[in-house]
């Protein structure tokens with residue numbers, strides 16, 4: 088009688104054929120989830136949604152911080168361009184603008200009727216005041232999303248309107264020009 092070794096081809100073949108095969112994942116008997124696994128199974132989808140919402144909120148906040156000075160400068164520039172255009176069309180100085188400081192813009196008509204725009208960078212707001220407007224108006228720079236693209240615009244809580252910079256400039260200058268003393 089001879090003793091067979093593991094290197095014997097017949098022994099290797101027997102070992103390969105009789106080797107236990109792992110059951111497929113779908114065939115494995117499912118063990119009940121532990122309490123921790125159940126809780127994580129419920130928590131993880133909510134966490135993923137919250138993480139994505141925070142990422143979007145952080146991106147919007149960063150966009151506001153980045154765009155705020157540009158939007159204020161853009162509004163001042165739009166007001167200036169609109170005033171110059173009206174003056175050029177009229178052939179005289181109908182409107183004039185002045186900036187007493189970097190956060191304030193005054194627009195006056197030739198009869199000194201006008202309005203003042205005050206910029207508050209900490210609150211991301213601009214305030215329009217003047218008799219010709221009828222009441223003080225407040226606009227806040229907000230992020231609006233259209234077709235999954237974020238952009239900034241001026242939003243008025245009073246009128247619930249969202250205006251782009253040039254539209255806001257035209258609207259306010261229009262109020263000034265139409266106002267009768």
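Numbering (this note's numbering), first residue to last: 88 to 268. Think of the CB as a built atom: it goes at the ideal place given N, C-alpha and C, for glycine as much as any other residue. Being a predicted model, the structure only gives us computed values, none of them experimental.
Quickly, what does DSSP pair residue i with across the bridge? List them, please.
i	result
residue 195	183 and 201
residue 248	243
residue 222	Bridge partners of residue 222: none, in fact.
residue 233	236
residue 214	205 and 225
residue 188	191
Is it right to say residue i is buried, meaning 16 or more other beta carbons lie within 10 angstroms of its own, or is it exposed?
i	result
residue 265	exposed
residue 202	buried
residue 122	exposed
residue 158	buried
residue 101	exposed
State yes or no: is the C-beta of residue i within less than 9 Å of the C-beta of residue j?
i	j	result
residue 190	residue 206	yes
residue 204	residue 173	no
residue 224	residue 246	yes
residue 147	residue 230	yes
residue 217	residue 151	no
residue 197	residue 185	no
residue 156	residue 119	no
When the Cα of residue i is compared with those of the options, which residue comes out closest?
i	options	result
residue 154	166, 128 and 212	212
residue 64	121, 222 and 239	Any question about residue 64 goes unanswered here, given that the chain covers just 88 to 268.
residue 168	263, 256 and 262	256
residue 244	141, 227 and 222	227
residue 258	232, 209, 170 and 181	170
residue 200	233, 134 and 260	260
residue 220	236, 267, 138 and 241	267
residue 242	127, 140, 94 and 210	210
residue 236	188, 175, 143 and 97	143
Under 8 Å by Cβ, that's how I've got residue i and residue j pegged, so tell me the actual separation to the nearest angstrom.
i	j	result
residue 195	residue 183	5 Å
residue 177	residue 253	Not really, about 20 Å apart at Cβ, beyond 8 Å.
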